[in-house]
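Remarks on the structure that follows.
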Amino acid sequence: QHGTLALLVPGLLDGTITMKELLEHGDTGIGTGEGLDGELIILDGVPYQVDSDGKVNVVKDDFTLPFANSHFGEYRRLTEVEQISQPELNQKILSMTSNNTFFSIKLHGTFTNIKTRAVKKSHKPYATLGKTAEEQSIFVRESVEGTMLSYYSPQIFDGAAVGGFHNHFLADSHDFGGHILEFGSVTGKAEIQQFDTLE
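Take 14 as the starting number for the sequence shown in the numbering used here and just add one per residue.
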C-alpha cells in the first residue's frame, strides 16, 4: 500500500509515487490519482483510470498517485455466487475467511443496479477529502459484466487503510467503472488472495 486513508482526509492529495514505480510492486491493484483524479483499477498489469466523465483510460508511467493498493495476483478459487446481494456477499466471504486478516477479492460476473463514482481532479490548494468528494460523478448500470477488485482490511486498521471492503470495478467492455458505492446483486466467481503482511 502506498499512502494512507488518513493522509487523504485533510487533503494531502499530492501524487507521491508514479504508476511506473507502483507497477514494480504488483500487477493488480486500486488507487486514485493526484488531486483524487479518478478511480484506478489495475488488472493483469494494465492500469485503468475511470475519470469524472466516466471514460476509461489507460494511464501512462508518469501518472502520479497519493494512495494505492497493489500486489502480484496469485488468487485461488473461493466460491461461486448467484444473484447474491452486496451485504450477503460480504457476509459469505467473511464466513469463509477471517475479518482479522488482510485479503483481496477478485470477482468476475454480472452485476445488477451497480452504482459507481469517480471524483473530478482538484488542484492546489487542496480542500479536504469530504469537500473534494462533493465533486464526484455517479454512474449507474442496470446490468453489466465485469470485474470487482476488492481489498479487505480489519477495522482496527481503518485510517491506515480503508477498514472493511474497498471495492473498485471495471466493465469487460471498458466503458464503465469506478469506486463501487453499491450494487443490487451479482452472479459470478469469486477468488481470494490472503496477505500475511501489510507493507
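No residue lacks a Cβ here, since even glycine has one placed at the ideal position from N, Cα and C. No experiment lies behind these values; they were computed from the predicted model shown.
Tell me whether residue i sits in a helix, a strand or coil according to DSSP, three-state version.
| i | result |
| --- | --- |
| threonine 17 | coil |
| phenylalanine 170 | helix |
| alanine 184 | strand |
| glutamate 52 | strand |
| leucine 194 | strand |
| glutamate 101 | helix |
| glutamate 95 | strand |
| glutamate 204 | strand |
Does the beta-carbon distance from residue i to residue j come in below 8 Å?
| i | j | result |
| --- | --- | --- |
| aspartate 185 | glutamate 155 | no |
| asparagine 126 | glycine 197 | yes |
| leucine 21 | threonine 160 | no |
| threonine 123 | valine 63 | no |
| isoleucine 97 | serine 163 | no |
| valine 94 | alanine 203 | yes |
| threonine 114 | serine 83 | no |
| lysine 73 | methionine 109 | no |
| glutamate 195 | glutamine 104 | no |
Whole-angstrom Cβ separation of residue i and residue j, contact assumed at under 8 Å?
| i | j | result |
| --- | --- | --- |
| tyrosine 88 | isoleucine 193 | Actually they do not touch by this definition, with Cβ atoms about 18 Å apart. |
| proline 60 | valine 71 | 7 Å |
| isoleucine 151 | lysine 128 | 6 Å |
| histidine 15 | alanine 81 | 5 Å |
| glycine 44 | leucine 78 | 5 Å |
| glycine 172 | threonine 17 | 7 Å |
| leucine 35 | glycine 58 | So it is not a contact: roughly 11 Å between Cβ atoms. |
Of all the options the options, which has the alpha carbon lying nearest to the alpha carbon of residue i?
| i | options | result |
| --- | --- | --- |
| tyrosine 139 | Ala81, Ala19, Leu25, Asn82 | Leu25 |
| isoleucine 30 | Thr110, Leu142, Arg90, Asp75 | Asp75 |
| glycine 51 | Phe189, Gly16, Ala131 | Ala131 |
| aspartate 188 | Val153, Tyr165, Lys73, Asn112 | Val153 |
| glutamine 149 | Gly67, Ala19, Asp40 | Gly67 |
| glycine 46 | Ile54, Asp40, Gly143 | Ile54 |
| leucine 49 | Asn103, Met109, Asp27 | Asp27 |
| phenylalanine 116 | Pro100, Gln168, Gly190, Pro23 | Gln168 |
| histidine 121 | Thr77, His179, Tyr165, Arg90 | Arg90 |
| alanine 19 | Lys33, Gly201, Leu211, Thr141 | Thr141 |
| aspartate 209 | Gly191, Ser166, Leu102 | Ser166 |
| glutamine 207 | Leu107, Gly190, Thr145 | Leu107 |
| phenylalanine 170 | Phe85, Leu183, Gly86, Asn112 | Asn112 |
Practice task
Could I get the ranges of all uninterrupted alpha helix (DSSP H) runs contained in the segment 58–93, with 4 residues as the minimum, in chain order?
Solution key: Here no run is fully enclosed.
Problem - Runs of beta strand (DSSP E) wholly within the segment 111–182 (minimum 3 residues, chain order) - result: 115–132, 149–166
Handout entry: Complete beta strand (DSSP E) runs within the segment 22–51 (minimum length 3 residues, chain order)
Key = Within the segment 22–51, the complete beta strand (DSSP E) runs of at least 3 residues are 41–45.
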